[in-house]
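**Student:** Chain order of the listed sequences is U and Y. Those letters in the first sequence? Residues 38 to 407, per our numbering, in order. Those letters in the second sequence? Residues -15 to 373, per our numbering, in order.
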Amino acid sequence: MALSFDELDFGPPDYKEMLPPVVQRNYGKWKYHEELEPGVYKHVSESGEEAYTVRAGQPKFIASETVLKLCDLADKYANGYLRFTSRHSVEFILDNKDNVEPLKKELAELGFPVGGTGRTVRSIVACTGWVHCHTPATDSPGLQKVLMDELYDYFVSEKLPTRLTIAVSGCLNMCGAVHCSDIAILGVHRRPPTVIDEVVSKACEIPSMIAACPTYAIKPKMIKKEDGTTIRSISIDGEKCMYCGICYGLCPGTPLADPKNDGVSIWVGGKISNTRGGPAFSRLAVPFIPNNPPRWPEVVETVKKIIDAWASDAKPDERMGEWIERIGWTEFFERTGLEFTHKHIDDYIFNIRDMNAGARVKGKEMKKFS
Amino acid sequence: MASETPLLDELEKGPWPSIVKEIKKTGYTGLLKLYELNYEDKMTHWTHGGMVGVPGYDAGVIGRVSDRRDILADAHTIRFIQPAGWFYSTKKLRKLVELWNKYGSGLMNFHGATGDLQVVGIPTENIEPFFDEAAKEHWDIGGSAGDFRTASNCIGPARCEMACIDTNDIYHTLMTDEEILNDMHRPRFPYKFKVKISGCPTDCVAGVPRADFVIMGTWRDDIKIDQEEVRNYAKSGKVDVEYIVKNCPTNAMSWDGNELKINNDECVRCMYCLQKMPKALSPGDDRGATILVGGRARGRYGAFLAWTLIPFMKLEPPYTELKELMYKLLDWWDENGRAKERIGETIYRIGAGKFLHEVGLDPLPTMVKAPRNNPFWFYFPGEVQVDEE
């Protein structure tokens, strides 16, 4: 029984009914906060009332059974309320300090690590990947899992110069916010789509595909069939295609998945917040690592190497990108042992913005490259 | 008996909570088998899901089918508009879980990249009865395709002393607006339009990299300083005040070991010192928002960061001026945008000067890093003298 028209378009549930009592009492009256330990904040209101937040990391998807367990904890310790952060973490806001330790203990029993505040690695943001998407070149939830396993200690204890944000996206759609993260893993296709003429002719808007292609690689084509009839499809210029997949987003007849050639790229130095130098894009560190499921050891090792190089040298509060800016890219590649290749020099339309205009080369770079 | 998912089983190891354990808990064996096959073949077996949805809405349900219908046929995604600030009462959540267990897979995502509460894996025939019941519990469907997407906002004044605007109230006002909900549920735009609301320039909801329209809390007057607390921070040894002063991006601070001074005319509201000393520093009292436009991830011209359109705007409920500004931009983009072109790209292709002229906003030096470096520009009609024939 469908809803009638005037029953539609009602919008989200009212947040005012979703706020924990301590938040309702102190809404807009918070004075300051302190981080008590990784994953635990104390917020103090003008009224003197205190709120204790316990933050825990979780996987990209959770079972309804787990949601109910989180609800049980919220009922027991947080007056029946909980919330989630923009990085997939779950938060409980308590009005009683005595509840912090028992809640932490129960979260640990549930396997949910408390952490991800202050000088820690933040919970990794991931897209749906191979769990539930038709475009990815790699599996983001799986990569989130293997990377967080390796970086677990950096999540639950404060051992880094400052926060470290990591994001994983399965393809160039970048649903996982990879373009502004300290470290980003981006799934890449490396071959043009396969054109399935029958599907393109039946299911796709050819003019939209032609218009959407950023490099004008798509052309219409007519195919004469043996029975004398013709069908409309497209051809893709393999020289022009840079495997972005936007055509596949529009049309099921142009899949890109290619187990032999798909894999991941690694990016570094991006940042979202306005602090100090402001927002910045992530830059290419490693153009390609083949997919090696289920645990992608080469990717994990490379990420670890990048973090070690940064963490051992960065000044307090210095984000990955700020550190690289200070030491220079030559030094970054030297210290991480990563190779600087043709792929690192932009050959898309922005090339000139990234070139080193002028002749300012460091002495050590002169010696290294002569 | 040997495991049917030997590859995925490897993801049950290690200290971080396991996605595979979660999928197994749902008993959603079709998805588990397909996921294992994706690992085995090193590629996705998901394909386009075609047009699915609920009567009255043309968005918010994402069709998803696999190319191995023998393992799992249709397993669609539904996006629900999340409550402001991603706050939930367990009462509300338990009821949704109950319905989702009845009609869907039991697998849930808190939350999607845009902000929605996503439930994943529902067969086509269950979509309508599920929504009928969910709607009774006040769960409305969110955006997808070329429409006004579900917005998202940071925690704001609910638990943050830096919040300069009521992010929750602004979000809820926009998300319950009749015109906006119509544009969310019935796509008519060239592409998606994302709105993100951050309470301060720390931008915890990543508006700058991802949103077409960003509402970012800020202040116009002076940072409030509690000198005693600055000295306490310095004494505690936990905060190096001198180091913070040295790292101020506009050199707007000074510290003599006793008194902290801030040149508020030079301060760019980057939030660094406030984050480091929240007990001593707080945003001023003359609060409002900076409005930014044009962020997006990948695209024809690469990724874009949103840029400052309006340096400061007062925001008061019911935020009529804000909505009018947003719809002025939306209408311009609807008129000028090409298919799959976000507003930032339309502005880039047509020219920011022409865009400002046509939407009736004044050009400001705060919009650019520097003025243009080339002499190739166009004139608006009437700007130059034309001899009459």
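The beta-carbon is built from N, C-alpha and C at its ideal position, and this holds for glycine as well. All values derive from a computational prediction rather than experimental measurement.
Comparing alpha-carbon positions, which option in H379(U), S123(U), I99(U) and G314(U) lies nearest G148(U)?
**Tutor:** Residue numbering aside, residue 148(U) sits at position 111 when the first sequence is read from its first letter. For the residues H379(U), S123(U), I99(U) and G314(U), the minimum Cα distance to G148(U) belongs to I99(U).
**Student:** Under three-state DSSP, which class holds T74(Y)?
**Tutor:** Here the question's residue 74(Y) lines up with position 90 in the second sequence. Reduced to three states, the DSSP call for T74(Y) is helix.
**Student:** Starting from the beta carbon of L149(U), find every residue of chain Y whose beta carbon is closer than 7 Å, and list them in chain order.
**Tutor:** Here residue 149(U) is taken as the residue at index 112 of the first sequence, counted from 1. Here the sequence assigns Phe to residue 149(U), which means Leu is not the residue at that position. Correct list: P1.
**Student:** Is there a C-beta anywhere in chain Y that falls below 8 Å from the one on T103(U)?
**Tutor:** One-based indexing of the first sequence puts residue 103(U) at position 66. Output row for T103(U): interface = yes.
**Student:** Does F406(U) get closer than 8 Å to chain Y when you measure Cβ to Cβ?
**Tutor:** In the first sequence, residue 406(U) corresponds to position 369, counting from 1. No, F406(U) lies away from the interface with chain Y (no Cβ there is under 8 Å from its Cβ).
**Student:** Against chain Y, with Cβ distances strictly below 8 Å, would T90(U) count as a contact?
**Tutor:** Taking the first sequence and counting its residues from 1, one reaches residue 90(U) at position 53. Yes - at least one Cβ of chain Y is within 8 Å of the one on T90(U).
**Student:** What are the boundary residues of the beta strand (DSSP E) that includes V168(U)?
**Tutor:** The count along the first sequence starts at 1 and reaches residue 168(U) at position 131. Where V168(U) is concerned, there is no enclosing beta strand (DSSP E), although the alpha helix (DSSP H) it sits in stretches over G166 to H169.
**Student:** Taking the straight line between their C-alpha atoms, what separation do you get for L21(Y) and G47(Y)?
**Tutor:** Indexing the second sequence from 1 puts residue 21(Y) at position 37. Indexing the second sequence from 1 puts residue 47(Y) at position 63. C-alpha separation (whole angstroms): 20 Å.
**Student:** The beta strand (DSSP E) that contains I273(U), what's its start and end?
**Tutor:** Along the first sequence, one-based indexing puts residue 273(U) at 236. Here the beta strand (DSSP E) through I273(U) covers T267 to I273.
**Student:** For the beta strand (DSSP E) containing F197(Y), name the first residue and the last one.
**Tutor:** Numbered from its first residue, the second sequence carries residue 197(Y) at position 213. Taken as a continuous stretch (DSSP letters only), the beta strand (DSSP E) holding F197(Y) covers F197 to W203.
**Student:** Looking only at its chain, what residues have a beta carbon closer than 7 Å to the beta carbon of H29(Y), apart from the 5 residues adjacent to it on each side?
**Tutor:** Along the second sequence, read from residue 1 onward, the residue named residue 29(Y) stands at position 45. The residues are L18, L21, N22, S50, D51 and R52.
**Student:** Kindly provide the ranges of any beta strand (DSSP E) runs that are 3 or more residues long and lie completely inside the region 204 to 248 of chain Y, ordered along the chain.
**Tutor:** 237 to 239 and 244 to 246
**Student:** Would you give the residue range spanned by the beta strand (DSSP E) that P295(Y) belongs to?
**Tutor:** Working through the second sequence from its first residue, we reach residue 295(Y) at position 311. Counting along the chain, the beta strand (DSSP E) containing P295(Y) begins and ends at W291 to M297.
**Student:** Just to confirm my understanding: we take M246(U), look at its own chain, exclude 5 residues before and 5 after, and list those with CB closer than 7 Å. What are they?
**Tutor:** Mapped onto the first sequence, residue 246(U) falls at position 209. Result list for M246(U): I255, I271, C284, L287 and C288, in chain order.
**Student:** Any C-beta of chain Y within less than 9 Å: which residues of the region 267 to 298 of chain U qualify?
**Tutor:** C281, I283, Y285, G286, L287, C288, P289, P292, A294, D295, P296 and K297
**Student:** In whole angstroms, what is the alpha-carbon distance linking Q61(U) and S266(Y)?
**Tutor:** Residue mapping note: residue 61(U) aligns to position 24 of the first sequence, counting from 1. Residue mapping note: residue 266(Y) aligns to position 282 of the second sequence, counting from 1. Looking at the two C-alpha atoms, the distance is approximately 21 Å.
**Student:** Taking the C-alpha atoms as reference points, what is the distance between N93(Y) and P302(Y)?
**Tutor:** In the second sequence, the residue the question calls residue 93(Y) occupies position 109. In the second sequence, the residue the question calls residue 302(Y) occupies position 318. Answer to the nearest angstrom: the Cα atoms are 31 Å apart.
**Student:** Taking R282(Y) and M211(U) to be in contact with their CB atoms under 8 Å, please state how far apart those CB atoms are, rounded to whole angstroms.
**Tutor:** Here residue 282(Y) refers to the residue found at position 298 when the second sequence is read from its first residue. Here residue 211(U) refers to the residue found at position 174 when the first sequence is read from its first residue. Taking the Cβ atoms as the reference, R282(Y) lies roughly 5 Å from M211(U), within the contact range of under 8 Å.
**Student:** Report the rounded CA-to-CA distance for E325(Y) versus E242(U), giving the unit in angstroms.
**Tutor:** On the second sequence, position 341 is the one that residue 325(Y) refers to. On the first sequence, position 205 is the one that residue 242(U) refers to. Cα to Cα, the separation comes out at about 16 Å.
**Student:** In chain order, what residues of the region 70 to 102 of chain Y put their CB closer than 7 Å to some CB of chain U?
**Tutor:** W70, F71, Y72, S73, T74, K75, K76, L77, R78, V81, W84, N85, G90, L91, M92, N93, F94, H95 and A97
**Student:** In the DSSP assignment, find the unbroken alpha helix (DSSP H) run with L313(Y) in it and report its ends.
**Tutor:** In the second sequence, counting from the first residue as 1, residue 313(Y) sits at position 329. Where L313(Y) is concerned, the enclosing alpha helix (DSSP H) stretches over T304 to N320.
**Student:** Please report the distance separating the alpha-carbon of E146(U) from that of P139(U).
**Tutor:** The residue labelled residue 146(U) in the question sits at position 109 within the first sequence. The residue labelled residue 139(U) in the question sits at position 102 within the first sequence. Spanning the two alpha carbons is a distance of roughly 11 Å.
**Student:** Please confirm whether C148(Y) has its beta-carbon closer than 8 Å to some beta-carbon of chain U.
**Tutor:** As a working note, residue 148(Y) is residue 164 in the second sequence. For C148(Y), the answer is no, since every Cβ of chain U falls outside 8 Å of its Cβ.
**Student:** With burial defined as no fewer than 16 other Cβ atoms inside 10 Å of the residue's Cβ, what is the status of M159(Y): buried or exposed?
**Tutor:** Locating residue 159(Y) in the second sequence gives position 175, counting from the first residue. It counts as buried.
**Student:** Just how far apart, CA to CA, sit K312(Y) and I149(Y)?
**Tutor:** By 1-based counting over the second sequence, the position of residue 312(Y) is 328. By 1-based counting over the second sequence, the position of residue 149(Y) is 165. Whole-angstrom Cα-Cα distance: 22 Å.
**Student:** Quick check on P67(Y): does DSSP put it in helix, strand or coil?
**Tutor:** Counting from 1 along the second sequence, the entry for residue 67(Y) is found at position 83. Note: P67(Y) maps to coil in three-state DSSP.
**Student:** Roughly how many angstroms lie between the CA atoms of N231(Y) and N137(Y), to the nearest whole one?
**Tutor:** Looking up residue 231(Y) in the second sequence gives position 247. Looking up residue 137(Y) in the second sequence gives position 153. Their backbone Cα atoms lie some 29 Å apart in a straight line.
**Student:** Could one say the Cβ of S123(U) lies closer than 8 Å to chain Y's Cβ atoms, at least one of them?
**Tutor:** Stepping through the first sequence from its first residue, residue 123(U) is reached at position 86. Yes, contact with chain Y.
**Student:** Can you look up T274(Y) in the DSSP assignment and give me helix, strand or coil?
**Tutor:** Locating residue 274(Y) in the second sequence gives position 290, where the first residue counts as 1. DSSP places T274(Y) in strand when its eight states are reduced to three.
**Student:** In the structure shown, what three-state DSSP assignment does M261(Y) receive?
**Tutor:** Counting from 1 along the second sequence, the entry for residue 261(Y) is found at position 277. Reduced to three states, the DSSP call for M261(Y) is coil.
**Student:** Please list the terminal residues of the continuous alpha helix (DSSP H) segment that includes M159(Y).
**Tutor:** Here residue 159(Y) is taken as the residue at index 175 of the second sequence, counted from 1. According to the DSSP assignment, M159(Y) belongs to the alpha helix (DSSP H) that extends over T151 to M159.
**Student:** Run through chain Y and tell me which residues come within less than 7 Å of R313(U), C-beta to C-beta.
**Tutor:** Along the first sequence, read from residue 1 onward, the residue named residue 313(U) stands at position 276. Neighbours of R313(U) on chain Y, chain order: N231, P233, C254 and Y256.
**Student:** What residue does the alpha helix (DSSP H) around V225(U) start on, and which one ends it?
**Tutor:** Along the first sequence, one-based indexing puts residue 225(U) at 188. Where V225(U) is concerned, there is no enclosing alpha helix (DSSP H), although the beta strand (DSSP E) it sits in stretches over I220 to V225.
**Student:** Note down the Cα distance separating E237(U) from K26(Y), rounded to an integer number of angstroms.
**Tutor:** The residue you call residue 237(U) lines up with position 200 of the first sequence. The residue you call residue 26(Y) lines up with position 42 of the second sequence. According to the sequence shown, residue 237(U) is Val rather than Glu. Distance between the alpha carbons of V237(U) and K26(Y) is about 25 Å.
**Student:** Please classify H379(U): does DSSP put it in a helix, a strand, or coil?
**Tutor:** By one-based count along the first sequence, residue 379(U) stands at place 342. Reduced to three states, the DSSP call for H379(U) is helix.
**Student:** In chain Y, which residues lie with their C-beta within 7 Å of the C-beta of E54(U)?
**Tutor:** As a first step, residue 54(U) is located in the first sequence; it is residue number 17 there, counting from the start. In chain order: S73.
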